[in-house]
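The next block holds one structure in the form of structure tokens; read it before the comments.
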């Protein structure tokens, strides 16, 4: 997974996540939006019909002085916890 | 803040299952669905070296058919890109079946023995050696382990009132799984998909249950349903790990 930061301020982040598609990005976006400190999160797999850019670009806006990179790291941890808890629940039902 | 999930099986076979999951978000449900289809790798024949093909079909057409033969995939023992050599030698008059394919690894064998590859007439012969490669459905549809994977909302049925004495009752067709007022989970097939068969003379209210999704998962035999679902979850989890590590360095 290669990351490329396009734009970064104290409350905003635009980052390209190479090699991913809707499968992971939508789950990640969903998890980001659950976070208190994240006021906006979205992704675009073909920004402005760029004609060549097909790697998703993730945009995050945070509030309360939270670094958007930290918010992203927390969301990634949350996705892992969620999938693990799903796997546990599934195994318990088997 | 890990959510609590609740999983309940409604139908369960080795290659086919239907289960209810509570506590999911639509994004997550779709993530699992997509991961099951395109991200869980399976073995599939990729490169074929023909020694003899005197059948009525071109090499390419036979190679395409071979790619679509499901092969069992023990994911603990292989990595993406690993190859297993397979071979076949059938002489007509006979039909070459998937079961005639011999493999160099006892763990990777055709999931079904009875997939016809081609019918050979007197004097025709098919002999080849091929590489089965482990890859994802994203790369080529022949690598898809999940053949039919989908989900829909659990529907709660509520009895509101009796139907008026002289009113005609229209059929009320539903598909999927319903939750009865007693909290029982019932497949709509059981009452022929028509709610009026189960609740004759009642006025009913049907609503989607938030966060409750019924998955229908069917595999091509390369993996069991359990394996497919757990691998899909692991696939999403491992990408989250990767992202976490990339961000926090």
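Residue numbers (the working numbering), protein chains in the order written: chain V, 20 to 113; chain U, 50 to 298.
For glycine and all other residues, C-beta sits at the position ideal for the given N, C-alpha and C.
If you're wondering where the values come from, they're calculated on a predicted model, not measured in any experiment.
- At a cut-off of 8 Å, the C-beta of residue 272 of chain U has no neighbouring C-beta in chain V.
- Among the residues of chain U, none has a CB under 9 Å from the CB of residue 65 of chain V; the nearest is roughly 17 Å distant.
- Pairing residue 274 of chain U with residue 266 of chain U gives a Cβ-Cβ distance under 8 Å.
- In the three-state scheme derived from DSSP, where H, G and I count as helix and E and B as strand, residue 66 of chain V is classed as helix.
- Between the beta-carbon of residue 83 of chain U and that of residue 260 of chain U there is about 19 Å, and that puts the pair past the 8 Å contact cut.
- Judged by DSSP in its simplified three-state form, residue 287 of chain U adopts helix.
- The segment 143 to 152 of chain U makes contact with the segment 164 to 179 of chain U; the number of CB pairs closer than 8 Å reaches 3 or more.
- Counted as a single uninterrupted DSSP element, the alpha helix (DSSP H) harbouring residue 86 of chain U occupies residues 75 to 87.
- The beta carbon of residue 245 of chain U lies closer than 7 Å to those of 218, 220 and 221 in the same chain, with the five residues before and after it left out.
- Distance from residue 91 of chain U to residue 271 of chain U at the Cβ level is roughly 4 Å; contact confirmed, criterion being Cβ atoms closer than 8 Å.
- Beta-bridge annotation (DSSP): residue 262 of chain U is paired with U:70 and U:202.
- At a C-beta separation below 9 Å, residue 210 of chain U has no neighbours in chain V, since its nearest C-beta there lies roughly 36 Å away.
- Secondary structure note for residue 53 of chain V: its alpha helix (DSSP H) is the uninterrupted segment 41 to 53.
- For residue 213 of chain U, none of the residues of chain V pass the 8 Å Cβ criterion, the least Cβ distance being about 43 Å.
- Chain-ordered, the chain U residues with CB closer than 8 Å to the CB of residue 99 of chain V read 286, 289, 290 and 293.
- Shown here, residue 212 of chain U sits in coil according to DSSP, grouped into three states, outside any helix or strand.
- In the displayed model, residue 101 of chain V falls within a helix according to three-state DSSP.
- Proximity of the segment 97 to 106 of chain U to the segment 188 to 207 of chain U falls short of the contact definition, fewer than three beta-carbon pairs being nearer than 8 Å.
- A contact between stretches requires three or more CB pairs, one per stretch, nearer than 8 Å, and the segment 22 to 40 of chain V fails this requirement with the segment 62 to 81 of chain U.
- Taken atom to atom, the span from the alpha-carbon of residue 229 of chain U to that of residue 111 of chain U is near 51 Å.
- In the structure shown, residue 254 of chain U adopts extended strand secondary structure according to DSSP, grouped into three states.
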